[in-house]
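Okay, so here's the structure we're looking at.
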Amino acid sequence: ILNVEQSPQSLHVQEGDSTNFTCSFPSSNFYALHWYRWETAKSPEALFVMTLNGDEKKKGRISATLNTKEGYSYLYIKGSQPEDSATYLCAPRSWGKLQFGAGTQVVVTP
Amino acid sequence: NAGVTQTPKFRVLKTGQSMTLLCAQDMNHEYMYWYRQDPGMGLRLIHYSVGEGTTAKGEVPDGYNVSRLKKQNFLLGLESAAPSQTSVYFCASTPPWDVYGYTFGSGTRLTVV
């Protein structure tokens, strides 16, 4: 079982502000890093799958970076909107399985 | 495409009762997973399957059994439900090359009283 830590546990953001949060994971036996967006009463939705050290991915106003050598990934939200309110999960893949972090809950207020 | 469909969506069981949760996917995915989600603990893997006829234990397998008789279906069974199994259960599937991430079902909320 991998020790996956996401911080902060929750954060409140004013509409229009940018924010970022962290996923830390063991760097050994690393294969890929997944990010998911999870809205209340819905199912998790895949945002990014990242595999290479230094990889950067972008989807609209959301982007992510990956450092496999030191075992961390950042997810950034630029110009937050109320529809960005969700829990964001990271999950490193090792030995064919994902290990999910507890998530960062983002609340965007108008 | 329906994607990943879970049935039922809600269920209340009495302690000691048994039930089966069904997960069906129409994407021809090889890999299927069952997770449980509890407050503050994220998603924890119960059992998974890498192909028809194969199953393997995940992080929290005790009290559950699974079967993958057909590629499109992955069943999760509770033989004798306990209050500790009150949770939201999610099924997910993916091809072996998970470049797009997992596809999740909408979840089953199970309460054991």
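So the sequence lines, in the order shown, correspond to chains U and V. Just so you know, we're using the working numbering here: the first sequence kicks off at -5 and counts up by one. Just so you know, we're using the working numbering here: the second sequence kicks off at 98 and counts up by one. The C-beta atom is built at its ideal place from N, Cα and C for all residues, glycine as well.
- Item | Contact set for glutamine 114 (chain V): own chain, Cβ-Cβ below 7 Å, skip 5 residues either direction | Ala178
- Task: Could you tell me whether the stretch 163 to 177 of chain V touches the stretch 115 to 125 of chain V, where touching means 3 or more Cβ pairs closer than 8 Å?
- Result: yes
- Which residues in chain U sit within 7 Å of methionine 138 (chain V), going by Cβ to Cβ distance? Ala96
- Query: Which residues does DSSP pair with asparagine 125 (chain V) in a beta bridge?
  - Reply: Paired residues: none, contrary to the question.
- Message: Would you say phenylalanine 107 (chain V) lies against chain U (beta-carbon separation less than 7 Å)?
- Response: no
- Query: Going along chain U in order, which residues have a C-beta closer than 9 Å to the C-beta of glycine 113 (chain V)?
  - Reply: Chain U residues near glycine 113 (chain V): none, gap ~30 Å exceeds 9 Å.
- Message: Does chain V have any CB closer than 7 Å to the CB of valine 101 (chain U)?
- Response: no
- Message: Alpha carbons only, please: which of U:Ser74, U:Gly54, U:Pro86 is nearest the one belonging to tyrosine 25 (chain U)?
- Response: U:Pro86
- Task: Pull up the distance between the alpha-carbon of glycine 73 (chain U) and that of serine 203 (chain V), whole angstroms please.
- Result: 29 Å
- Message: Tell me the residue span of the beta strand (DSSP E) that contains glutamine 114 (chain V).
- Response: Where glutamine 114 (chain V) is concerned, there is no enclosing beta strand (DSSP E), given that its DSSP letter is neither H nor E.
- Query: Among the residues of its own chain, which have a CB less than 8 Å from the CB of proline 158 (chain V), if the five just before and after it don't count?
  - Reply: Ile143, His144
- Query: Taking buried to mean at least 16 other C-beta atoms within 10 Å of its own C-beta, is valine 196 (chain V) buried or exposed?
  - Reply: exposed
- Message: For glutamate 9 (chain U), which residues in the same chain have their Cβ closer than 8 Å to its Cβ, ignoring the five residues on either side in sequence?
- Response: Ser74, Gln75, Pro76, Val102, Thr103, Pro104
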